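Undergrad: Before I ask anything, let me first share the structure, which is written out below as structure tokens.
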Amino acid sequence: MNMIDLIKSRRNIKNFKTDQVDETMIKIWLDAAAMAPNHRMTEPWEIYFIGPETRGTLNHKTNFGNAPTLMAVLSKHGASKVETEENAAATACFIQNFNLAAWSEGVGTFWSSIGITEQKRALLNVPDNYDLLGVLAVGYPEMIPDPKPRTPIENKIKYLP
23 MNMIDLIKSR RNIKNFKTDQ VDETMIKIWL DAAAMAPNHR MTEPWEIYFI GPETRGTLNH
83 KTNFGNAPTL MAVLSKHGAS KVETEENAAA TACFIQNFNL AAWSEGVGTF WSSIGITEQK
143 RALLNVPDNY DLLGVLAVGY PEMIPDPKPR TPIENKIKYL P
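The letter at position 60 of the sequence shown is residue 82 when you use the working numbering, and the numbering goes up by one with no holes.
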């Protein structure tokens, strides 16, 4: 599948099969995700694999669709507000790279902000100098939803003089 088709076919998966995804593959996708653009090569992302005990404390309304693998994705603060924002943007690119790499192998993901609160930060042991960008649920899709309608891109383009 070419890249445009891959991007257009990717979906947020809300229900997963119980089959485990090979951790070696997940690490390959994480390695590919790390090729995300990041200003000054800050590589600000950190990944925490979430075990069953921690997962139970998160009390997510859907239990992350019963995905067999959960990962918290953190972004390190920068030396300034601007660098912190750049790091968060780079980490979002990292997440999208991961999502696309997994999707290319038939594995789905769901990026949940989990209601980023001090309580969730504490449950996930997020250091003070990191932002929690969310939790990625990873697994084989139970079903692939139809695409949701999108605003035509022409409605989002503006030309400046």
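Where a beta carbon is used, it is the ideal one built from N, C-alpha and C, also for glycine. Quantities reported herein were computed from a predicted structural model and do not represent experimental measurements.
Starting from Ser31 and walking both ways along the alpha helix (DSSP H), at which residues does that stretch end?
TA: Met25 to Ser31
Undergrad: Looking at the unbroken beta strand (DSSP E) that takes in Thr131, where does it start and where does it end?
TA: Taken as a continuous stretch (DSSP letters only), the beta strand (DSSP E) holding Thr131 covers Gly130 to Ser134.
Undergrad: When you compare the CB positions of Asn37 and Gly87, do they come within less than 7 angstroms of one another, or not?
TA: yes
Undergrad: When the Cα of Ala54 is compared with those of Gly137, Trp125, Pro183 and Ile166, which residue comes out closest?
TA: Put simply, of Gly137, Trp125, Pro183 and Ile166 the residue whose alpha carbon is nearest the alpha carbon of Ala54 is Trp125.
Undergrad: Measuring straight from C-alpha to C-alpha, what distance separates Val160 and Asp41?
TA: Near 11 angstroms, if we compare the C-alpha coordinates of Asp41 and Val160.
Undergrad: First and last residue of the beta strand (DSSP E) that includes Val104?
TA: Note, Val104: premise wrong, no beta strand (DSSP E); alpha helix (DSSP H) at Lys103 to Trp125.
Undergrad: Excluding five sequence neighbours on each side, which residues of the same chain lie with their C-beta closer than 6 angstroms to the C-beta of Met93?
TA: Residues of the same chain with a CB within less than 6 angstroms of the CB of Met93, apart from the 5 flanking positions on each side, are Ile69, Phe71 and Leu158 in chain order.
Undergrad: Going by DSSP, what residue range makes up the alpha helix (DSSP H) through Thr79?
TA: Pro74 to Leu80
Undergrad: Taking the alpha-carbon of Lys49 as reference, which of Ala114, Asn119, Ala89 and Met23 has the nearest alpha-carbon?
TA: Measuring from the Cα of Lys49, the nearest candidate turns out to be Asn119.
Undergrad: Strictly by DSSP, which residues pair up with Tyr70?
TA: Ala94
Undergrad: Determine the contact status of Asp153 and Ser102, defining contact as a CB-CB distance below 7 angstroms.
TA: No Cβ-Cβ contact shorter than 7 angstroms links Asp153 with Ser102.
Undergrad: Taking the alpha carbon of Ala144 as the reference point, which residue from Ala58, Leu80 and Met47 has its own alpha carbon closest?
TA: Leu80
Undergrad: Helix, strand or coil: how does DSSP classify Ile177 here?
TA: Looking at the sequence itself, residue 177 is Asn, so the reference to Ile does not match. The DSSP-derived three-state label of Asn177 is helix.
Undergrad: Going by beta carbon distance, what residues of the same chain come within less than 6 angstroms of Gly130, once the five residues before and after it are set aside?
TA: Answer for Gly130: Ile35 and Pro163, listed in chain order.
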